[in-house]
Amino acid sequence: MELGKHISEAEMRRLLRQVFIDTLARIGIPCVFSQNIECSRGVLRIEQDLYDLSSFERVLVIAIGKAAHTMLESLVAQTGPMQGIVCSVPSGSQQPGFRYFVGGHPLPNEESIRGAKAILQAVSLINEHSLVIYLISGGASAMVEVPRPWHRGQLCPIPARTLIAIALLRLMDCMPNCREACVRSSRSVHLKRRRRQMIPHS
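Per the working numbering, the sequence shown starts with residue 41, numbered consecutively.
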């Protein structure tokens with residue numbers, strides 16, 4: 041394209057869209073893995089680092105996050121079958137040798153906790169002759185979660201009426217716009233007045 045040539049808005053949109061598509065292709069997981077990861081004759085290369093897989097007693101792969109499936113598929117395409125744990129979104133296909141957990145996002149669920157405990161159990165069995173490959177992507181902090189142990193002494197003493205007032209406040213704040221009439225009803229006004237009376241002054 042000649043510099044200074046007038047470009048129509050439609051042509052500019054087409055060019056920008058193509059730049060966007062080309063950029064996504066270049067930073068996509070399969071492309072990035074193929075450029076930086078290679079496995080030949082049992083030697084795994086990750087950028088400039090080399091790992092002779094036959095020298096390890098155990099090779100474990102931990103893939104977590106929303107892109108875990110794609111990352112694992114790209115890795116296995118280079119190395120061949122492996123073993124490990126996957127905590128991610130639901131997937132139509134699974135790699136043999138892996139345990140799968142469907143973690144919650146954006147909030148953890150029971151599978152998040154079970155998956156995290158399975159990972160902790162798996163890595164507790166490794167030693168200096170083991171190799172662990174972590175594939176971590178966005179969403180992993182919710183999809184893999186183990187709550188810290190707690191006891192009642194750690195809870196702040198909050199009066200029950202304060203908790204009720206906070207709950208009512210949250211309920212009214214979350215009222216959808218389509219139900220504006222409900223917010224303006226006499227009952228809602230009464231609840232708001234009660235809330236102001238119930239919240240203790242500091």
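Where a beta carbon is used, it is the ideal one built from N, C-alpha and C, also for glycine.
Remember, predicted model here, so these are calculated numbers, not experimental data.
| Asked | Found |
| --- | --- |
| Buried or exposed by the 16-neighbour rule on C-beta atoms within 10 Å, applied to S242 | Per-residue confidence for S242 stands at a pLDDT of 49, beneath the threshold of 50, marking its modelled position as unreliable; the derived number appears in the next sentence. Classification for S242: exposed. |
| Beta-carbon gap between V101 and G124 smaller than 9 Å | yes |
| Reference Q75, options S114, I153, R154, K157, closest by Cα | S114 |
| DSSP three-state assignment for Q118, whether helix, strand or coil | helix |
| Beta-carbon proximity check, F73 vs Q118, cutoff 9 Å | yes |
| Proximity winner among D89, P148, V184, relative to G155 (alpha-carbon distances) | V184 |
| Own chain partners of L171 with C-beta closer than 8 Å, once the 5 adjacent residues on each side are dropped | Y91, L93, F96, R98, V99, L100 |
| Nearest to I69 (by Cα), restricted to the options N167, A162, V116, I166 | V116 |
| Extent of the continuous beta strand (DSSP E) run through Q123 | 123 to 128 |
| Rounded separation between S131 and E150 - CA only | 18 Å |
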